[in-house]
Every structure is written in structure tokens, then in C-alpha cells.
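*Asks:* If you scroll down you'll find the structure; I have some questions about it.
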Amino acid sequence: MTIWHYFLRDLKLYFRNASELTTPLIFFLIAIAMFPLGVSPESALLRPISFGLVWVVALFCMQFSLDTLYRDDFSSGALEQLVQHEVPLAVIAISRTLVYWVCFGVPIAIMAPVLGLMLAMESSGFGVLSLTLLVGTMGMASIGAIGSALTVSLKKGSVVMTLIVLPMFVPFLIFGSGAVNAAITGANVSPPLTALVGITVLALSICPPAIAASIKMSVENG
Amino acid sequence: MYFDSFAEFINMGGHGPYVWAAYGVTFVSFVIYLAAQRRARKEVERKIRNRIRRELNR
Amino acid sequence: MASNRWEWFHRWGSPKWYYQKSSVWTPWLAVLSVVLLGTGLVWGLAFAPEDVKQGNSYRIIFLHVPAAFLALAGYYIMAIAGAIGLIWRMKLSFIAMRAAAPLGALLTFISLFTGAVWGKPTWGTYWVWDARITSMLILFFLYLGVIVLTDAFVRKDSGDKAGAILALVGTVNIPIIYKSVDWWNSLHQPATIKLTSAPSMDASMWYPLLLCILGMYAFYFFLLLRSIRTRVVEQDKSKAWVKEIL
Numbered sequence: 129m130t131i132w133h134y135f136l137r138d139l140k141l142y143f144r145n146a147s148e149l150t151t152p153l154i155f156f157l158i159a160i161a162m163f164p165l166g167v168s169p170e171s172a173l174l175r176p177i178s179f180g181l182v183w184v185v186a187l188f189c190m191q192f193s194l195d196t197l198y199r200d201d202f203s204s205g206a207l208e209q210l211v212q213h214e215v216p217l218a219v220i221a222i223s224r225t226l227v228y229w230v231c232f233g234v235p236i237a238i239m240a241p242v243l244g245l246m247l248a249m250e251s252s253g254f255g256v257l258s259l260t261l262l263v264g265t266m267g268m269a270s271i272g273a274i275g276s277a278l279t280v281s282l283k284k285g286s287v288v289m290t291l292i293v294l295p296m297f298v299p300f301l302i303f304g305s306g307a308v309n310a311a312i313t314g315a316n317v318s319p320p321l322t323a324l325v326g327i328t329v330l331a332l333s334i335c336p337p338a339i340a341a342s343i344k345m346s347v348e349n350g
Numbered sequence: 203m204y205f206d207s208f209a210e211f212i213n214m215g216g217h218g219p220y221v222w223a224a225y226g227v228t229f230v231s232f233v234i235y236l237a238a239q240r241r242a243r244k245e246v247e248r249k250i251r252n253r254i255r256r257e258l259n260r
Numbered sequence: 009m010a011s012n013r014w015e016w017f018h019r020w021g022s023p024k025w026y027y028q029k030s031s032v033w034t035p036w037l038a039v040l041s042v043v044l045l046g047t048g049l050v051w052g053l054a055f056a057p058e059d060v061k062q063g064n065s066y067r068i069i070f071l072h073v074p075a076a077f078l079a080l081a082g083y084y085i086m087a088i089a090g091a092i093g094l095i096w097r098m099k100l101s102f103i104a105m106r107a108a109a110p111l112g113a114l115l116t117f118i119s120l121f122t123g124a125v126w127g128k129p130t131w132g133t134y135w136v137w138d139a140r141i142t143s144m145l146i147l148f149f150l151y152l153g154v155i156v157l158t159d160a161f162v163r164k165d166s167g168d169k170a171g172a173i174l175a176l177v178g179t180v181n182i183p184i185i186y187k188s189v190d191w192w193n194s195l196h197q198p199a200t201i202k203l204t205s206a207p208s209m210d211a212s213m214w215y216p217l218l219l220c221i222l223g224m225y226a227f228y229f230f231l232l233l234r235s236i237r238t239r240v241v242e243q244d245k246s247k248a249w250v251k252e253i254l
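For the protein sequence lines, the chains are A, B and C, in the order given. Okay, so the first sequence: first residue is 129 according to my numbering, each after it adds one. Okay, so the second sequence: first residue is 203 according to my numbering, each after it adds one. Okay, so the third sequence: first residue is 9 according to my numbering, each after it adds one.
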């Protein structure tokens, strides 16, 4: 069985459970709609903070359903079998991270310009907003998967996970929204964008061994 | 001594409250940490002593 | 030659050996830290000259900088201890990691607090989103994460491994967080506030600061070794050597 096989199987599993898939995206929409109500409906106020708000809420969305990564497999005992499987855990981990990104990261990146529009964001930043979210959600999914694997054996794991994962999202947020800012103000987009791609590649490369070690630890913990 | 009098030393040219708040809070935090460490230590020792006593009585 | 080195290494795995040795080291560290910190702080507070730009408020530096140094160094100490524990399955190393976490968080808090109080007379406000302050705040969150995660596991063994993995992932992250926050700050820094005005340090200010930094290192290791001692006794509570010493 190849990595491709795992990827397709996990993808099917996610799509079978439609509500799990749509809930974070609905949250994305509702959370953004709260800001004009809480701050002000005036576009002059919303415009400068719009892409920042979209990025911050997208970041919350990414850790919103990290629980779905390993929780079911852990409680059903499937995770234990994966540990003994001939396919290295790291390979399975990377495939599942990619599935998670396809299911949540990609829709977030597609939805973002629409939400930006609702917050009176400058249209010149839409493309970069989508692009940075497309890249950034991949990196955040990798880091988030480590947090999920670390806390899956805990009863109240999702609270602990939020606490350990959010601080590590900071560089993605900074370079992501920084690149959008650069695009809107007419500054050079490439330095923050390159940095964002760089840290995403780094996160993708350190996450497989860290996830594998975390899953082994979680299975031992039982 | 850089300062002319003790009152000037406390006042720190108007910056006294800031300087002494920083030093005070640092000092108090270390004291609390040390006290917590001491309590943990006593607690561990007490538990082990109790167990040894129970084992001897048996 | 090689076997000697490993002998030395393996003794570190022995809690009893650690307990005996550390009972010799801790009093020396205590004396060292009292002498160094005592001299450094009194010198800095009462004898060093006033800073030309910042006045006497700069005297907070004698606490702020040593605390910030050890807050950062403490994270690496914690992570390296966790790595050694993961690789060589050394219990004592995991104990050191667990002990380093709250101590590091305390020092991060102290450096944040002293920084905020120093900020008021210098920048006119307690909190600015300056690059170094923001990084320190995130470092504080990283410490809290390790503490919460290790404590969440009922099984000590699992908590040890989880904390070590998280601490290691964090070490990769720290330089990136610093770089990103630095870049972010250069982007948004308001022109009215100049944050780079580190006091132009004269030798008469440098010497007490150096003493304070060295003293804080000694004090850190004093507190760390003591905390490890308690945890070692707790872990080996049913071993013969613990019963003997009590």
C-alpha cells in the first residue's frame, strides 16, 4: 500500500462525515460576521484590520477540528494497529496532514477573499490573501498535527492542544498577514511570502518524526 | 554611594516606585517559589516517613 | 578512555549519586549566588552612576537582563534535558526537564514584569508591542504549554515523553518566532517611540550587570538542582537509599 492509497482512504473518511467538514467553515463565517457588530460597521475602521482579522480567524479555524485527525482512530484502537503496521508511521502522518489541509486549509483559502470583501478589504490584496492562506494552512496543519498526536490520549486533550499549538502558529500569522499588508500597501511581497513558504516547508519536514513519536507515546499511554 | 542621602536613594529621582516595584515583585516571586519548593519537599518527606512507619508497625 | 567517559555519563542516570553530589553543590551555589547577586545588585542600585537619558529607572536592568538571559537559556536547558531523556531513556534527565519548566516560566514572568515597569518611565506606557517583549510573551506561552502538557498525563512516563517532544519542537520554533516578530516589529514600529535606546553603558554599569548575570546563573542552578532533588526523592520513594536518608 502506498502513501497515495492512505491519502485517498483518509480523504473518503473525511467526506463521509459532512458536518465535521463544514462546521469549521461555518465558524469561519460567523466569527468574521461578529467583528463589524462588535467594532463598527464603518468600512474606514474595518478596512485596515480586515485581512488581519481574516488571518486570525483562519488560524483559529485550523486548530478547531485538529481533534478529528487522530481522536476516532485512538478510541477505536486503530491507532495501535497503525503503530505496528509495516508502513512507517511518519508516512501515514504526512498523508493525514495533507488530507486535513485539503479538507480545511483549501476551503479556508477559497473563502477568505469573500470574507475580506465583507470587511471592506482592498481588492488588491485578495490574491495574496488566498495564496498566503493556502501555504500557511499547510504549515499550520503540520504543527497542529503534532499537537493533536501529543494530546490524543488525554481526556481533555483539545484544551491542552489549543494552548500548545497557538503560540507555534505565530510565525505563520506574522508572515501571512504581513505579505497581504505588503500587497495592499504596494511594498515588496516576496520577502514575507518566501519566509512563509520556508517555514511551511520546515514544518512539513519536522512534523513526520515528531508525529510518529507522539503517536507511539499516546498509544503507550493508552 | 551615588546618592547623597537615603531619602534620595529611595526616591531615585522620581523613578523610585518603578525601580522598587520591579525589585519588590522579583524578590517576592523568588520567595514564593522557594516557599513552594520547601513545601513540596516537606510533603514528599512526610509521605515517605509515614509509609516507612506503617511498614515498621506491621 | 571511551569506557571512562561512559562511566561518568551513566552515573548521571543514578538518582542516588545525583542526590549525594548535589547536596555538596547546592550550598556552594547558594553562597555563590548570594555573593554575586548581592554585590551586583547593591552596586547597581546604590553605587553605579545614573543613566544620562533614562535617569534612575535604568537600574531595573540589573534584574531585567539577567532574568531574560535565563528565561531563554532555561528553555534550551529544558529541551536538551528532554532530548537526553528521549534518546538515552534517562529518568533523571526527564526530572530535570520537568523542574526547568516552572522555573523558566517564573524567570520569563519576571523579565516581562520588570520590562513593563521599566517601560512606563522610559516609553510612557507599561506595554508596547516591542519585538523583544512580544517574543518573551510567546516564550512564556511556550513554557506554559510544556507545563500544562506534562502535568496533564497521569502516567509520568508518557508526560515525560510528551513534554520532551513539545520542548524540542519549540526549540526549532524559537529562532523562527524571534525572527518573525522582529520583522513584524520593523513593519509596524510607530515612529514616535524609539525602542532601540539601550542605555549607553559605561564600565561602571557593566561590571555590576555582569555580576548580576553570573549571580542569576548561579541562583538558577541552585533552584534547579534543589527542585530536582525533591523530585528525585519522590520518584525513588520506595528505594532503600531514600529510606536511609530519612
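Glycine residues also receive a C-beta, built at the ideal position from the N, C-alpha and C atoms.
Would the segment 205 to 219 of chain A and the segment 154 to 162 of chain A be scored as touching if the rule is three or more Cβ pairs under 8 Å?
*Replies:* no
*Asks:* Residues of chain F with CB closer than 9 Å to the CB of Leu231 (chain C), please, in chain order.
*Replies:* Looking at the structure shown, chain F is missing, and the protein chains on hand are A, B and C.
*Asks:* Buried or exposed for Tyr134 (chain C), please, with buried defined as at least 16 other CB atoms from any protein chain shown within 10 angstroms of its CB.
*Replies:* Within the third sequence, the letter at position 126 stands for residue 134 (chain C). The residue is exposed, with fewer than 16 neighbouring Cβ atoms inside 10 Å.
*Asks:* Does the CB of Val298 (chain A) have a neighbour CB from chain C at under 8 Å?
*Replies:* Locating residue 298 (chain A) in the first sequence gives position 170, where the first residue counts as 1. Output row for Val298 (chain A): interface = yes.
*Asks:* My assumption, with CB atoms under 8 Å, is that Met86 (chain C) sits in contact with Ala108 (chain C). Please give the rounded CB distance.
*Replies:* As a working mapping, residue 86 (chain C) is identified with position 78 in the third sequence. As a working mapping, residue 108 (chain C) is identified with position 100 in the third sequence. The Cβ separation is near 4 Å, so the contact holds.
*Asks:* Cα separation between Gly178 (chain C) and Met296 (chain A)?
*Replies:* Counting from 1 along the third sequence, the entry for residue 178 (chain C) is found at position 170. Counting from 1 along the first sequence, the entry for residue 296 (chain A) is found at position 168. Linking Gly178 (chain C) to Met296 (chain A) through their CA atoms gives a straight-line distance of about 8 Å.
*Asks:* Identify the contact partners of Arg163 (chain C) in chain A, using a Cβ-Cβ distance below 7 Å as the criterion.
*Replies:* Translated into the one-based positions of the third sequence, residue 163 (chain C) becomes position 155. Near Arg163 (chain C) (Cβ distances below 7 Å), the residues of chain A are Asn349.
*Asks:* Quick one, are the C-beta atoms of Phe102 (chain C) and Ala172 (chain C) less than 8 Å apart?
*Replies:* Within the third sequence, numbered from 1, the residue matching residue 102 (chain C) stands at position 94. Within the third sequence, numbered from 1, the residue matching residue 172 (chain C) stands at position 164. For Phe102 (chain C) and Ala172 (chain C), yes; Cβs fall inside 8 Å.
*Asks:* Can you check whether the CB of Ala273 (chain A) is closer than 8 Å to the CB of Met190 (chain A)?
*Replies:* Locating residue 190 (chain A) in the first sequence gives position 62, counting from the first residue. Locating residue 273 (chain A) in the first sequence gives position 145, counting from the first residue. Result no, Cβ atoms of Met190 (chain A) and Ala273 (chain A) do not sit closer than 8 Å.
*Asks:* Compute the Euclidean distance between the alpha carbons of Trp174 (chain C) and Leu236 (chain B), then round it to the nearest angstrom.
*Replies:* Within the third sequence, the letter at position 166 stands for residue 174 (chain C). Within the second sequence, the letter at position 34 stands for residue 236 (chain B). Looking at the sequence shown, residue 174 (chain C) is not Trp but Leu. Rounded to the nearest angstrom, the two C-alpha atoms are 27 Å apart.
*Asks:* Return the residues of the segment 42 to 57 of chain C that lie within a Cβ-Cβ distance of less than 7 Å from chain A, sorted by chain order.
*Replies:* Answer set for the segment 42 to 57 of chain C: empty.
*Asks:* Judging by CA-CA distance, which residue of A:Gly255, A:Gly267, A:Leu278 is the nearest neighbour of Asn181 (chain C)?
*Replies:* Counted from its first residue, the third sequence places residue 181 (chain C) at position 173. Of the candidates A:Gly255, A:Gly267, A:Leu278, the residue whose Cα lies closest to the Cα of Asn181 (chain C) is A:Gly267.
*Asks:* Considering only residues of the same chain and omitting the five flanking positions on each side of Val219 (chain A), which have a CB-CB separation below 6 Å?
*Replies:* Stepping through the first sequence from its first residue, residue 219 (chain A) is reached at position 91. Correct list, in chain order: Ile131.
*Asks:* Can you give me the Cβ contacts of Phe7 (chain C) inside the same chain, cut-off strictly under 7 Å, excluding the 5 residues immediately before and after it?
*Replies:* No information on residue 7 (chain C) is available, as it lies outside the stretch 9 to 254 that chain C covers here.
*Asks:* Can you list, in chain order, the residues of its chain with a C-beta nearer than 6 Å to that of Leu53 (chain C)? Leave out the 5 residues immediately preceding and following it.
*Replies:* By 1-based counting over the third sequence, the position of residue 53 (chain C) is 45. The residues are Arg67.
*Asks:* What does Gly272 (chain A) touch in chain C if you count any residue whose Cβ is under 8 Å from its own?
*Replies:* Residue numbering aside, residue 272 (chain A) sits at position 144 when the first sequence is read from its first letter. Near Gly272 (chain A) there are no residues of chain C at all, since even the closest Cβ is about 12 Å away, more than 8 Å.
*Asks:* Thr279 (chain A) to Leu219 (chain C), Cα distance in whole Å?
*Replies:* If you number the first sequence from 1, residue 279 (chain A) lands on position 151. If you number the third sequence from 1, residue 219 (chain C) lands on position 211. So the alpha carbons of these two residues sit roughly 42 Å apart.
*Asks:* Output the distance between the C-alpha atoms of Lys245 (chain C) and Ser235 (chain C), rounded to the nearest integer angstrom.
*Replies:* Taking the third sequence and counting its residues from 1, one reaches residue 245 (chain C) at position 237. Taking the third sequence and counting its residues from 1, one reaches residue 235 (chain C) at position 227. Answer to the nearest angstrom: the Cα atoms are 15 Å apart.
*Asks:* What do you get for Trp36 (chain C), buried or exposed, if any count of 16 or more other CB atoms within 10 angstroms of its CB means buried?
*Replies:* Residue 36 (chain C) sits at position 28 when you count from the first residue of the third sequence. So Trp36 (chain C) counts as exposed.
*Asks:* Any beta carbon of chain C sitting closer than 8 Å to that of Arg243 (chain B)?
*Replies:* Translated into the one-based positions of the second sequence, residue 243 (chain B) becomes position 41. Yes, Arg243 (chain B) lies at the interface with chain C (some Cβ there is under 8 Å from its Cβ).
*Asks:* Evaluate Arg240 (chain B) with the Cβ neighbour count: other Cβ atoms within 10 Å of its Cβ, from every protein chain shown; 16 or more gives buried, anything less gives exposed.
*Replies:* For the purposes of this step, residue 240 (chain B) is taken as the residue at position 38 of the second sequence. It counts as exposed.
*Asks:* Among residues of its own chain, excluding the 5 on either side of Leu150 (chain C), which ones have a beta-carbon nearer than 8 Å to its beta-carbon?
*Replies:* On the third sequence, residue 150 (chain C) is found 142 positions in, with the first residue counted as 1. Taken in chain order, the residues that qualify are Tyr83, Gly178, Asn181, Ile182.
*Asks:* Report the residue from C:Lys99, C:Glu242, C:Ile69 whose alpha carbon sits nearest the alpha carbon of Gly48 (chain C).
*Replies:* Residue numbering aside, residue 48 (chain C) sits at position 40 when the third sequence is read from its first letter. Nearest of C:Lys99, C:Glu242, C:Ile69 to Gly48 (chain C), Cα basis: C:Ile69.
*Asks:* Label Asp59 (chain C) either buried or exposed according to how many other C-beta atoms from any shown protein chain fall within 10 Å of its C-beta, with 16 as the threshold for buried.
*Replies:* The count along the third sequence starts at 1 and reaches residue 59 (chain C) at position 51. Asp59 (chain C) should be labelled buried.
*Asks:* Per DSSP, Gly63 (chain C) is paired with what?
*Replies:* Residue 63 (chain C) sits at position 55 when you count from the first residue of the third sequence. Paired residue(s): C:Asp59.
*Asks:* Which of the residues in the segment 288 to 314 of chain A, read from start to end, lie with their CB under 8 Å from any CB of chain C?
*Replies:* In summary, the residues of the segment 288 to 314 of chain A whose CB is separated from some CB of chain C by less than 8 Å are Val288, Leu291, Ile292, Leu294, Pro295, Met296, Val298, Pro299, Ile302, Phe303, Gly306, Asn309, in the order they occur in the chain.
*Asks:* Taking Pro241 (chain A) as the reference, which of A:Arg144, A:Leu149, A:Ser251 has the closest Cα?
*Replies:* Numbered from its first residue, the first sequence carries residue 241 (chain A) at position 113. Nearest of A:Arg144, A:Leu149, A:Ser251 to Pro241 (chain A), Cα basis: A:Ser251.
*Asks:* For Met224 (chain C), collect the residues of the same chain with a Cβ closer than 6 Å to its Cβ; drop the 5 residues on either side in sequence, then sort them by chain order.
*Replies:* As a position in the third sequence, residue 224 (chain C) is number 216, starting the count at 1. Counting only Cβ-Cβ distances below 6 Å, and skipping sequence neighbours, we find Pro74, Leu78.
*Asks:* For Gly275 (chain A) and Glu247 (chain B), I'd like the C-alpha separation in whole angstroms.
*Replies:* As a position in the first sequence, residue 275 (chain A) is number 147, starting the count at 1. As a position in the second sequence, residue 247 (chain B) is number 45, starting the count at 1. So the two alpha carbons sit approximately 36 Å from each other.
*Asks:* If contact is defined by three or more beta carbon pairs under 8 Å, each pair taking one atom from either stretch, is the segment 303 to 313 of chain A in contact with the segment 277 to 294 of chain A?
*Replies:* no
*Asks:* Can you tell me which of the three DSSP states Glu250 (chain A) falls into?
*Replies:* The sequence position of residue 250 (chain A) within the first sequence is 122, counting from 1. Coil, per DSSP.
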